[in-house]
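As they're listed, the protein sequences go chains D and R. Position one of the first sequence corresponds to residue 1 (full-length UniProt numbering), numbered consecutively onward. Position one of the second sequence corresponds to residue 1 (full-length UniProt numbering), numbered consecutively onward. By construction, the Cβ of each residue, glycine as well, lies at the ideal position given by its N, Cα and C atoms. Computed from a prediction, not measured in an experiment: that's the story for all the values here.
There are 2 protein chains.
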Amino acid sequence: MTTDSPVSTAYTTYHKGAHVNTNHKAHADGLVHFDHATEPLYGAETTYQENPELYQTEWVPKINAYRQAIVDAIPKEYLVPQELLAGVDLDNDNFNATLIPAKVLDEESLKITESTATELVAKIASGEYTSVQVTTAFIKRATIAHQLTNCGMEILFKEGLARAKELDEIFAKTGKTVGPLHGLPVSLKEHYYFKGRVTTGGYVCNLTNVTPEHGVTTLTLEELGAVFYIRTSNPQSLMHLCSYNNITGRTRNPWNTSLSPGGSSSGEGAISGMKAAPLSVGTDIGGSIRAPAAFCGGFGLKPTTHRISMAGGVGGGEAAYNTIKEGVGCSMGPMANSVEDLELFMKAYLDSEPWVAKDQQLIPVPWREVPVPKPQELTIGIVYDDGVVKPHPPVVRALKEVAAKLKAAGVNVVEWESYEVYQVAEICNVLYDYDGNYSSLKKFSTSGEPLAELTKHALKFGKGDYSLSVREANFYVNSRESYRQKYQDLFNSRGVDFLIAPTYVGTAPKPNTVHYWGYTSLWNLLDQTCVTFPSRVFADKNIDVKDVDYKPRNEHEEYEYNLYDAEKSHGSPVGLTLVGRRYTEEKALKAMKVIDEIISA
Amino acid sequence: MTTDSPVSTAYTTYHKGAHVNTNHKAHADGLVHFDHATEPLYGAETTYQENPELYQTEWVPKINAYRQAIVDAIPKEYLVPQELLAGVDLDNDNFNATLIPAKVLDEESLKITESTATELVAKIASGEYTSVQVTTAFIKRATIAHQLTNCGMEILFKEGLARAKELDEIFAKTGKTVGPLHGLPVSLKEHYYFKGRVTTGGYVCNLTNVTPEHGVTTLTLEELGAVFYIRTSNPQSLMHLCSYNNITGRTRNPWNTSLSPGGSSSGEGAISGMKAAPLSVGTDIGGSIRAPAAFCGGFGLKPTTHRISMAGGVGGGEAAYNTIKEGVGCSMGPMANSVEDLELFMKAYLDSEPWVAKDQQLIPVPWREVPVPKPQELTIGIVYDDGVVKPHPPVVRALKEVAAKLKAAGVNVVEWESYEVYQVAEICNVLYDYDGNYSSLKKFSTSGEPLAELTKHALKFGKGDYSLSVREANFYVNSRESYRQKYQDLFNSRGVDFLIAPTYVGTAPKPNTVHYWGYTSLWNLLDQTCVTFPSRVFADKNIDVKDVDYKPRNEHEEYEYNLYDAEKSHGSPVGLTLVGRRYTEEKALKAMKVIDEIISA
């Protein structure tokens with residue numbers, strides 16, 4: 001690789017932080033001295049004031065232009081005919097959008113989009129399908145998905161088809177694929193840098209942020225043969241387990257469009273739930289892969305940090321923009337409709353050894369082949385309650401039904417006694433905001449945009465706008481490490497291989513309501529492997545009756561438990577999460593395969 | 001493993017930080033809230049005042065008792081006869097202690113102690129030697145080493161022999177070894193927790209710090225069959241590239257007892273240089289393995305962080321004591337007299353998979369077998385000057401002679417253009433002290449002990465006693481990551497596999513003089529693999545003449561370059577350092593083997 005290769009250009013783009021940030025003091029001795037003190041980044045105020053005038057005059061026009069570009073890029077001929085939506089109020093009705101594609105799509109497109117990514121790459125590689133055929137099918141279905149859920153944040157259908165055509169020509173000429181994902185349409189969460197495109201991460205100020213190169217993972221997937229055809233929505237600041245941002249508004253849940261798809265990988269959850277993407281890519285620092293996967297009925301893997309590169313994205317891995325925060329690590333990982341497809345992503349990605357030349361932060365652990373365990377070889381702990389907020393009735397029932405099926409199949413099922421979850425969640429909340437919300441407040445103040453309700457909530461996490469001293473922060477960092485060790489000791493001493501736990505207190509909630517992250521953020525602070533999966537159980541208002549006599553143990557439980565609405569939840573999929581130890585993605589996916597076969601039977 | 005196994009006890013001992021530190025506020029809701037604010041640790045003042053009265057009355061007696069215990073534990077019959085030292089002033093004469101053992105030791109002890117660790121474990125495992133034989137030989141030589149260099153900080157000869165006897169009995173009974181290090185004497189740097197012993201890390205206040213369990217690496221080595229017979233010296237606060245502490249004073253350099261052995265693994269450098277330990281274990285956050293190895297003529301490996309466990313040691317890995325600082329990571333690694341022995345340690349250690357149950361911070365990368373490269377397959381960059389401080393004449397000559405030999409052997413040798421070393425070193429200095437020296441000042445204030453000159457120097461690094469805010473610290477953390485990526489890009493774009501660089505500006509310096517760490521700390525901040533090795537070149541006052549006309553480029557160079565004293569340095573070994581990429585310890589040791597064969601020929 002030479003310095004001026006696109007690859008190395010990409011990295012210097014993301015990683016020239018030292019130069020961007022250096023306060024160059026050319027001393028007499030000719031040495032360049034490093035100092036943050038007069039670094040302009042540190043001049044900004046730390047409390048946020050909305051600026052309606054600035055916002056209206058400078059930014060709202062940019063928002064409107066951005067929205068219009070999405071409308072213009074939608075192929076009208078693929079839209080759902082109005083008669084099928086007559087009298088439907090998507091935002092308020094319990095409307096199940098997942099039933100629509102079968103009524104609209106041609107037979108071939110339906111067949112293709114109902115296939116797994118693993119099946120599709122095999123059929124493209126064998127010449128049974130062309131990438132253009134497959135991409136066209138997903139463009140048709142993605143048009144429907146966007147129309148019904150508003151999952152798209154940037155539409156790249158034209159570009160995707162052009163790329164598919166290119167790949168088909170290479171295959172026709174050489175008889176070879178460019179990589180294990182040759183010709184496969186892959187949807188991308190919007191906040192990863194995309195070459196030559198605007199990348200916002202849900203921040204209005206970023207509507208002028210044209211990123212010159214792909215993020216490292218985007219680039220890697222492209223080199224593996226992926227076809228990018230859509231970038232999907234994420235909420236303002238990326239810190240909601242929900243979807244609202246001031247640029248494209250809210251995203252709807254495919255199973256009930258009046259409910260939330262979860263977040264922050266909101267669009268990825270929705271497009272995957274609509275089967276309008278065979279493979280999707282999310283990021284997760286507090287539940288952002290797991291919540292959307294669970295609420296939208298799909299699978300999602302949150303790997304241990306530093307296995308998949310975060311380099312080159314708004315809100316993470318931006319050394320050049322000073323936003324790497326190490327208190328809690330963010331993970332990137334795949335979302336899909338089958339376990340096999342999660343493994344397809346991980347194996348293809350890690351076999352390319354991105355740690356050699358793409359991102360020095362990655363640990364050099366290739367994809368390790370491990371055997372599929374027999375049910376009898378698995379000991380799984382079930383988490384019925386984290387000791388802070390009792391899960392809603394459909395979730396408790398799903399845990400019991402899954403436990404019963406696993407037990408019947410020979411799995412050694414035990415009950416997991418939760419351990420100091422509230423303390424861990426509090427440490428996590430402090431570390432989210434331990435820079436006094438500096439990096440996010442700075443972005444908000446650039447546009448003066450109004451703050452969404454859940455943004456206000458997230459900005460109050462931990463110490464809020466107070467920037468901790470390193471001495472104070474080390475208290476939490478040390479406690480984090482202590483809990484990581486304590487949990488490793490607990491897994492060992494209790495002889496448990498995996499846990500099955502709620503992904504959230506309930507099924508898909510009403511928009512902008514989720515406050516408690518403990519069921520997911522626990523595993524971010526501990527940096528353990530998580531696979532979210534559909535329990536095959538659906539909320540049923542006739543069985544999952546709300547316990548009106550339940551006495552909440554604390555304010556969090558009082559708020560969160562009372563969010564349960566049996567009528568609204570009826571028919572929602574219950575997504576649970578398999579929790580493994582650090583760095584055990586290979587074992588977790590093999591165990592997941594066994595569990596999914598058992599509970600699907 | 002059960003919760004009450006010694007292993008898990010050990011970890012809860014080190015890792016109960018969350019509990020030790022928690023400010024328990026039993027709220028009405030029954031939840032335990034986490035807060036650092038009233039954490040007693042944060043009450044202490046941040047500027048240090050010596051307290052002579054407290055020190056004299058409470059601590060000096062403890063120091064004297066500690067010293068007496070060392071004297072009492074030395075077997076007088078093994079001491080060097082006075083006639084051999086007649087008229088010798090160890091502290092001021094250019095006295096070469098490495099020549100003494102051959103004049104004193106019996107033939108068998110000499111033969112054993114001149115063997116490599118690899119040879120010894122093989123001979124113990126084959127029954128040719130017993131562990132008692134081998135341990136006795138090293139006890140004899142260690143007695144001489146301590147007498148001449150003051151390398152010992154705690155003498156465990158009795159305990160070592162008892163353990164050796166135990167292992168011999170197991171072997172006699174079962175015909176099996178307990179592990180790959182069965183019966184091998186291993187010396188330990190003093191700051192790792194040792195079960196039931198005082199662990200100081202050079203802090204007087206820690207003379208009452210009896211550590212209930214071994215540190216994780218100590219425990220692991222013991223499980224692998226190691227025999228511990230001596231714990232060796234480290235300087236006050238562990239932050240000198242030299243040796244002085246108020247408990248045992250200074251340690252001498254084996255090759256010239258009036259010079260420094262380097263530090264902070266001072267005693268390990270000296271005992272290894274005296275061949276009084278077949279395998280030693282150092283830690284390195286700024287050069288603490290490499291400087292002693294270089295100054296004492298041995299080999300030392302500074303691995304990438306999180307390959308060897310730091311859990312359970314003063315000044316690092318102490319979650320329970322709030323001293324984990326993540327700005328710059330500390331590495332533990334082996335020191336020895338051959339490349340093979342470094343590999344023996346790494347392979348034995350990593351094959352035991354300590355990441356499964358011992359330390360969750362370790363990355364799960366086992367020892368990977370890689371082929372020994374042909375000289376023609378290696379491209380090595382030579383660092384003649386880091387652009388800040390020009391190396392002393394013996395070091396420059398060693399670099400040229402090594403480069404010439406490698407070239408002649410077919411290695412592709414290129415000149416490495418140094419890149420922004422001063423900036424990287426400044427970032428590193430800020431991150432060393434970014435908690436405002438809190439964790440060290442707190443320890444000093446407990447005893448009121450006087451500060452050593454080099455401690456005062458280290459406390460002034462970066463922002464000194466000013467505790468950065470997280471927001472300020474993130475500037476340096478982001479810049480660190482940028483430089484790590486930049487250096488990976490440089491290695492790739494320049495097509496270089498390894499660098500050979502000075503370990504320090506010069507050979508072993510006079511005590512308490514080293515101020516500039518750039519040649520070593522650069523690789524700590526970048527977290528790259530380093531192997532320090534003897535160049536087989538020795539300083540020669542007749543060849544390595546000081547350039548009196550040299551015009552220093554800056555204050556650092558003016559100070560450091562002028563430390564060169566051709567007379568004093570005469571006969572000192574020049575230790576250089578092989579620098580590899582992150583996580584490439586396997587490749588680095590194989591390359592080191594090839595290089596050592598070439599330059600030793």
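Output needed for residue i: all residues of its chain with C-beta closer than 6 Å, excluding positions within five of it in sequence on either side, in chain order.
i	result
R:T2	Summary for R:T2: the model assigns pLDDT 31, below 50, so the residue's position carries little reliability; its value from the coordinates is reported in the next sentence. So no residue of the chain qualifies.
R:V389	V505, Y516, H556, E557, E560
R:S535	A398, V402, V574, L576
D:P40	Low confidence applies to D:P40: its pLDDT is 39, below 50, so where it sits in the model is not reliable enough to give any reading.
D:A277	S187, I271
D:L350	P366, W367
D:G317	Low local confidence applies: a pLDDT of 48 at D:G317 is under 50, so the model's placement there is unreliable, with the coordinate-based value given in what follows. Cβ neighbours of D:G317 beyond the five flanking positions: M310, A311.
R:Y583	T304
D:T248	M153, S233
Among all the DSSP beta bridges, which residues are the ones paired with residue i?
i	result
D:D435	D:S467
R:P185	R:V227
D:V281	D:L188, D:P334
R:E154	R:R231
D:P261	D:P261 is not bridged to any residue.
D:T446	For D:T446, which the question treats as bridged, DSSP gives no partner whatsoever.
Within a Cβ cutoff of 7 Å, which residues of the same chain sit near residue i, ignoring the five residues on either side of it in sequence?
i	result
R:A566	K541, D544, V545, K546
D:F345	L279, P334
R:V413	I380, I382, A403, L406, K407
D:A409	P375, I598
Excluding the five sequence neighbours on either side, which residues of its own chain have a C-beta within less than 8 Å of the C-beta of residue i, listed in chain order?
i	result
R:A44	In this predicted model, R:A44 has a pLDDT of only 45, less than 50, meaning its place in the structure is not dependable; the value taken from the coordinates is given anyway. Y438, L441, K442, S445, listed in sequence order.
R:D93	T257, S258
D:R79	It is worth fixing the name first, because residue 79 of chain D is Leu in this sequence and not Arg. Same-chain partners within the cutoff: T143, I144, Q147.
Would residue i pass as a contact of residue j if the rule is Cβ separation under 7 Å?
i	j	result
R:S109	R:A137	yes
D:S243	D:S266	yes
D:A539	D:F295	no
D:T503	D:R368	no
D:I230	D:I155	yes
D:G436	D:S479	no
D:F498	D:A348	no
R:M239	R:E190	no
D:D168	D:T130	yes
R:T199	R:Y193	yes
R:D284	R:A117	no
R:T98	R:W355	no
R:G313	R:L241	no
Does any heavy atom of the ligand FAD sit closer than 6 Å to the C-beta of residue i?
i	result
D:I230	Absence of the ligand FAD is noted for the structure shown, with no ligands found whatsoever.
Between the segment 379-410 of chain R and chain D, which residues of the former have a C-beta closer than 9 Å to a C-beta of the latter? G387, V388
Counting Cβ pairs closer than 8 Å, one from the segment 301-311 of chain D and one from the segment 82-101 of chain D, do we hit at least three? no
Would you call the segment 418-432 of chain R and the segment 480-491 of chain R touching, i.e. three or more CB-CB distances under 8 Å? yes
Along the segment 413-437 of chain R, what residues have a CB closer than 8 Å to any CB found in chain D? E420, Y422, Q423, E426, I427, V430, Y434, D435, G436
In the segment 552-567 of chain D, which residues sit with their C-beta less than 7 Å from some C-beta in chain R, listed in chain order? R553, N554, E555
Taking beta-carbon pairs under 7 Å, can you tell me which members of the segment 498-514 of chain D lie near chain R? none
Any C-beta of chain D within less than 9 Å: which residues of the segment 470-487 of chain R qualify? V470, R471, E472, A473, N474, F475, Y476, V477, N478, S479, R480, E481, S482, Y483, R484, Q485, K486, Y487
Would you call the segment 205-222 of chain D and the segment 485-494 of chain D in contact, with 3 or more CB pairs under 8 Å? no
Mind checking the segment 572-587 of chain R against chain D and listing, in chain order, the residues whose C-beta falls within less than 7 Å of any C-beta there? R582, Y583
Mind the definition here: the segment 54-69 of chain D touches the segment 458-475 of chain D only if three or more C-beta pairs lie below 8 Å; say whether that holds. no
Which residues, taken in chain order from the segment 359-379 of chain R, show a beta carbon closer than 8 Å to some beta carbon of chain D? D359, Q360, Q361, I363, P364, V365
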